[in-house]
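Chains as they are written, first to last, in the working numbering: chain A, 340 to 647; chain B, 340 to 647.
Glycine included, C-beta positions come from ideal geometry on N, C-alpha and C.
Model, not experiment: these values are computed from the prediction.
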């Protein structure tokens with residue numbers, strides 16, 4: 340196969356776009372695609388101060404790399420969760436994030452959950468859920484809270500995350516299977532900061548297949564953590580990803596169509612304004628100031644206050 | 340396993356309801372479930388004249404059987420499509436429908452497409468699509484047209500079809516994968532006759548798993564056509580059914596939840612009124628009088644007028 344751009348030897352085939360690309364043009368094509376998504380969904384401008392949440396994985400480090408190359412002002416935020424899981428997962432992912440920042444002369448903020456709150460994510464989980472299931476919901480809650488807190492306290496205009504198309508399609512699939520109106524109405528490439536204490540959020544990789552991001556990280560020579568979080572094994576989101584991968588292999592492009600037609604339908608007014616009742620009922624948490632739908636304290640502050 | 344109702348020997352296990360049932364109580368349970376759906380979705384009353392579209396398959400014949408047993412006034416409509424496919428599919432399905440009607444002393448209307456229109460479905464398909472793919476879209480169009488025509492001409496209050504949960508979930512899945520707003524806004528257990536020339540339609544089996552309907556037909560001793568339509572092989576709807584079956588076997592109840600949460604979200608106002616623009620733009624076809632979104636003649640009349 341030849342590179343569609345230069346006729347040289349292609350190293351990768353981008354199935355859904357019927358492209359063959361050499362290394363050089365692939366490393367040019369991916370940032371180009373990301374730039375188009377940023378523009379199409381009006382994510383942010385060159386004048387904005389951007390905070391990229393990085394985990395040490397291929398998606399978030401590649402996102403940081405791409406935004407930096409595209410000329411955006413983007414700093415990193417690493418949240419240390421205190422997860423060991425036999426592979427020293429948190430240590431290794433922090434080391435790789437710091438290494439990336441140092442190599443590129445970029446600023447990385449580090450929030451160490453065990454240091455700040457006196458407990459690691461698994462410790463909080465075992466205290467609050469008493470061993471019931473994996474600590475994923477605790478982790479999601481804590482990360483969301485810390486990302487909002489840091490983005491706001493450090494004065495960033497927008498927080499970006501490395502969610503790729505596979506992530507977004509799996510979440511959409513999960514929300515669709517149970518027709519979760521509020522989640523459907525809110526899901527999208529941009530979440531506006533229309534509530535007190537919450538950062539504006541954007542997902543510049545939302546149209547990029549996971550396999551394409553893996554290829555980008557490898558070809559760009561980004562060193563990232565290969566291991567999944569040890570707690571992710573058996574997660575429903577991974578099951579939905581597998582189901583969508585089956586669909587994708589039988590109907591190439593199905594995953595992208597599923598996500599893009601959803602965005603288009605939403606943009607076209609498919610959902611009624613009252614489809615997201617949660618957002619309308621939000622109020623600032625009296626402790627941390629972040630908007631919440633809960634009565635009184637937000638879920639994070641309740642969790643850290645020792646309630647189960 | 341014992342029957343949950345009488346303690347006798349169970350012959351079937353209804354997984355999603357955690358029930359074991361003996362033959363007698365299973366044959367009582369299914370009509371009970373159907374009666375609840377009829378009531379819940381306000382499908383029709385005992386005073387209504389009902390026309391059941393029957394194909395000779397397990398679902399439609401069981402539906403006819405159940406409605407008759409529940410005391411509804413229900414006649415049958417068989418549409419002969421002129422499909423042979425090596426198994427004499429149309430002949431055999433007509434014979435079984437007529438046999439069922441005769442055994443139960445019920446009225447069956449028969450519309451013979453080749454006699455009325457001079458061409459069988461495969462003939463129309465080969466003329467209009469010139470061999471491109473299976474004649475399924477031609478068949479769907481013709482059946483919908485004839486069902487509306489007969490229900491209206493013969494003065495029935497409502498037309499019922501044997502679509503089961505697996506059918507409905509597969510259609511919903513297909514509409515969701517491409518976020519087809521109009522189809523999503525319209526899909527449901529009842530379609531009101533709010534447009535000229537279109538019959539009121541209801542699907543009393545919409546909450547019944549296909550496997551439960553097969554068991555009903557077998558235990559009730561209904562003789563039905565086992566063969567799928569020879570053209571259905573490889574149809575996308577069958578592919579989606581298989582995907583949903585995989586989901587169901589990994590997460591029992593997922594199929595029912597998917598469909599019921601959709602109906603609930605819709606009822607709760609998830610979709611905006613403008614989500615179904617097609618329905619607002621309908622007008623009666625100048626030839627047959629059935630409402631259509633097409634300019635001028637409806638798709639059926641155009642097809643029969645020789646356009647391709």
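Among the residues of its own chain, which have a CB less than 6 angstroms from the CB of residue i, if the five just before and after it don't count?
i	result
residue 490 of chain A	390, 498, 538
residue 380 of chain B	528, 529
residue 648 of chain B	The structure shown does not extend to residue 648 of chain B, since chain B is modelled only from 340 to 647, so the question has no answer here.
residue 549 of chain B	503, 505
Using only CA atoms, which one of the options lies nearest to residue i?
i	options	result
residue 442 of chain B	B:562, B:593, B:630, B:608	B:562
residue 614 of chain B	B:524, B:359, B:484, B:363	B:524
residue 556 of chain B	B:642, B:355, B:439	B:439
residue 362 of chain A	A:345, A:509, A:350, A:356	A:350
residue 370 of chain B	B:436, B:544, B:600, B:582	B:544
residue 516 of chain A	B:437, B:382, B:476, B:596	B:596
residue 479 of chain B	B:434, B:406, B:452	B:452
residue 579 of chain B	B:513, B:626, B:373	B:513
residue 554 of chain A	A:398, A:509, A:540	A:398
residue 348 of chain B	B:354, B:633, B:359	B:359
residue 627 of chain A	A:634, A:640, A:633	A:640
residue 541 of chain B	B:366, B:367, B:356, B:406	B:406
residue 415 of chain A	A:401, A:447, A:611	A:447
residue 408 of chain B	B:607, B:444, B:418	B:444
residue 566 of chain B	B:476, B:588, B:589, B:428	B:428
residue 599 of chain A	B:519, B:356, B:477, B:461	B:519
residue 354 of chain B	B:604, B:571, B:551	B:551
Tell me whether residue i sits in a helix, a strand or coil according to DSSP, three-state version.
i	result
residue 388 of chain A	strand
residue 457 of chain A	coil
residue 412 of chain B	strand
residue 360 of chain B	strand
residue 555 of chain B	helix
residue 506 of chain B	helix
residue 478 of chain A	helix
residue 631 of chain B	strand
residue 543 of chain A	coil
residue 493 of chain B	coil
residue 373 of chain B	helix
residue 420 of chain B	coil
residue 577 of chain A	helix
residue 626 of chain A	coil
residue 398 of chain B	helix
residue 582 of chain B	helix
residue 605 of chain B	helix
residue 447 of chain A	strand
residue 610 of chain A	strand
residue 530 of chain B	strand
residue 344 of chain B	coil
residue 564 of chain A	coil
So that I know if they touch, is there some Cβ in chain A lying closer than 8 angstroms to that of residue i?
i	result
residue 610 of chain B	yes
residue 410 of chain B	no
residue 578 of chain B	yes
residue 520 of chain B	yes
residue 607 of chain B	yes
residue 526 of chain B	no
residue 604 of chain B	yes
residue 355 of chain B	no
For residue i, which residues from the same chain have a beta carbon less than 7 angstroms from its beta carbon, with the 5 sequence-adjacent residues on both sides left out?
i	result
residue 645 of chain A	Summary for residue 645 of chain A: the model assigns pLDDT 47, below 50, so the residue's position carries little reliability, and this model does not support an answer.
residue 643 of chain A	456
residue 601 of chain A	511
residue 375 of chain B	none
residue 532 of chain A	538, 539
residue 340 of chain B	349, 352, 359
So, does the CB of residue i fall closer than 8 angstroms to a CB anywhere in chain B?
i	result
residue 516 of chain A	yes
residue 509 of chain A	no
residue 613 of chain A	yes
residue 645 of chain A	Low confidence applies to residue 645 of chain A: its pLDDT is 47, below 50, so where it sits in the model is not reliable enough to give any reading.
Apart from the five residues just before and just after residue i, which ones in its own chain have a Cβ nearer than 8 angstroms to its Cβ?
i	result
residue 631 of chain A	621, 622, 623, 624, 637, 638
Taking 7 angstroms as the cut-off, is the C-beta of residue i nearer than that to any heavy atom in the ligand ADP?
i	result
residue 403 of chain A	This structure lacks the ligand ADP; in fact it carries no ligand of any kind.
(request) Return the residues of the region 581-602 of chain A that lie within a Cβ-Cβ distance of less than 8 angstroms from chain B, sorted by chain order. (result) 582, 585, 586, 589, 593, 596, 597, 600, 601
(request) Give the residues from the region 536-557 of chain A that approach chain B closer than 9 angstroms (Cβ to any Cβ), ordered along the chain. (result) none
(request) Using a Cβ-Cβ cut-off of less than 7 angstroms, list which residues of the region 370-390 of chain B approach chain A; keep chain order. (result) none
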